[in-house]
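Notes to accompany the following structure.
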Ligand SMILES: Nc1ncnc2c1ncn2[C@@H]1O[C@H](COP(=O)(O)OP(=O)(O)OP(=O)(O)O)[C@@H](O)[C@H]1O
Ligand SMILES: [Mg+2]
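Residue numbers (our numbering): 22 to 461.
Written as structure tokens, this is what we have:
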């Protein structure tokens, strides 16, 4: 369906809730989006899956280009809850070093961070926004955490350029709690070193269950914010908040006009973000003698330098009926790269033969893995998609837009195709989700 172009006159004191994809140009009048002033001629993009509240301060006119599934709804008054305004005023009057925003899935965390950041900037603060949400990340690609220094008010943190990012490799915090807590502690320090007066730390929506509580409490203890803004409807954050000490907690409500997103919409939002960070990517070939592999312990085996012993190869040929593509041994395991799966008997024979656990890798299993490419100081240069690893020729092919010198490559657990679409694990090789895994 062709995009619809409409003109709209709106009275002062009204809100237009615009669901993307859409692009809006103010023709006359004055409005704000989550505290960011929007003036005439300014173009505002509303991403697919996002809702943006335009609150009109004066009688105004705008032109909207509405894409597929976009919509506009007019409401009386503002959709920013009073409690958000009071909390923002409180933060600005207290000028803390670090504010942490917490809440369940689709509770308004990102919008509250945006609103608070905009008000603080308008009060002259130098603001850093840290995105600690691996799944629905607005700053940096999913499966990373990162921060931006905000120069001026923004309508969407997605448009900001990350100053620093750290690669985690999963979009599910329950699979990487330690790494996320460590990374966010490092980023709060980096944001201060970068000169931020106020740092706003946004978190993921994983808040219920023992593991989530333990993880969030540890995050607060390690980053030690002065103020926590807790978005909740029915005390769902109490198990976390009741455990905390020496931190001021403001409980505030999610907006009534929140837009809940389905699993599919959340997946497309993640894929849009991968696509953004893979734009203009090309295939690069790296020599495994110069680049260190990190992350997935199994895939990293393919980067090990092993000199296959001919006698062993002949014996393996007998056990397998054909020579392996590649094999190697470490102190505690042996690994074989094959073109096929093995049945239980053959596996058992192999473990007997090597007298240690044997890892079977199938050629191509590595392809599609999300990668974090880092420089010699460990800074994340960008993401990539693993095409293949050739252990014999000791090279790794990566689809990436990173052009700088790469020193290490972190192999993540997310799998993408080269369009940035998330792909499920090949049959029989599923990533065993933990009961606490939620769709972020
Ligand atoms: N005050 C508001 N007025 C209108 N719409 C809002 C408001 N706050 C949030 N929304 C809309 O509701 C949706 C969810 O909000 P938001 O992204 O801030 O939640 P979140 O808690 O960060 O979600 P996630 O768990 O995915 O990170 C978004 O599309 C957002 O634009
Ligand atoms: Mg969010």
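We treat Cβ as the ideally placed atom computed from N, Cα and C, and that holds for glycine. No experiment lies behind these values; they were computed from the predicted model shown.
- By the beta-carbon neighbour count (other beta carbons within 10 angstroms, threshold 16), residue 434 is buried.
- Here DSSP, grouped into helix, strand and coil, assigns residue 312 to coil.
- Taken atom to atom, the span from the alpha-carbon of residue 350 to that of residue 416 is near 19 Å.
- Boundaries of the alpha helix (DSSP H) around residue 262: 259-262.
- Residue 250 and residue 432 have their alpha carbons spaced roughly 34 Å apart.
- A residue is called buried once 16 or more other Cβ atoms fall within 10 Å of its Cβ, and residue 223 is buried on that count.
- Take residue 140, set aside five residues on each side of it, and the residues of its chain with a beta-carbon closer than 6 Å to its own are 56, 109, in chain order.
- Cβ atoms of residue 155 and residue 187 stay farther apart than 8 Å, at about 11 Å.
- The Cβ atoms of residue 425 and residue 402 sit closer than 7 Å to each other.
- Closer than 6 Å to some heavy atom of ligand 1: that describes the Cβ of residue 226.
- In the structure shown, residue 144 adopts coil according to DSSP, grouped into three states.
- Around the beta carbon of residue 79, fewer than 16 other beta carbons lie within 10 angstroms, which makes this residue exposed.
- Per DSSP, reduced to three states, the secondary structure at residue 165 is strand.
- Closest in C-alpha terms to residue 328, from the list 282, 413, 238, comes 413.
- Here the alpha carbons of residue 368 and residue 197 stand approximately 30 Å from one another.
- Counting along the chain, the unbroken beta strand (DSSP E) around residue 47 starts and ends at 43-49.
- Residue 356 and residue 68 have their alpha carbons spaced roughly 45 Å apart.
- The residues 130, 224, 228, 237, 249, 250, 251, 252, 258, 261, in chain order, have a CB closer than 8 Å to that of residue 123 in the same chain once the five nearest residues on each side in sequence are set aside.
- Within the chosen limit of 6 Å, ligand 1 does not reach the beta carbon of residue 283 with any heavy atom.
- Rounded to whole angstroms, residue 331 and residue 347 show a C-alpha spacing of 12 Å.
- Within the same chain, Cβ atoms closer than 8 Å to the Cβ of residue 385 are found at 409, the five residues on either side in sequence being excluded.
- Only residues of its own chain outside the window of five on either side were considered, and among them 389, 406, 444 have a CB closer than 8 Å to the CB of residue 438, listed in chain order.
- In the DSSP assignment, residue 106 falls within the alpha helix (DSSP H) that extends over 103-115.
- Between residue 418 and residue 308, the alpha-carbon positions lie close to 9 Å from each other.
- Residue 220 sits in a strand when the DSSP states are folded into three classes.
- Scanning 26, 90, 276, 143 for the CA closest to the CA of residue 101 turns up 276.
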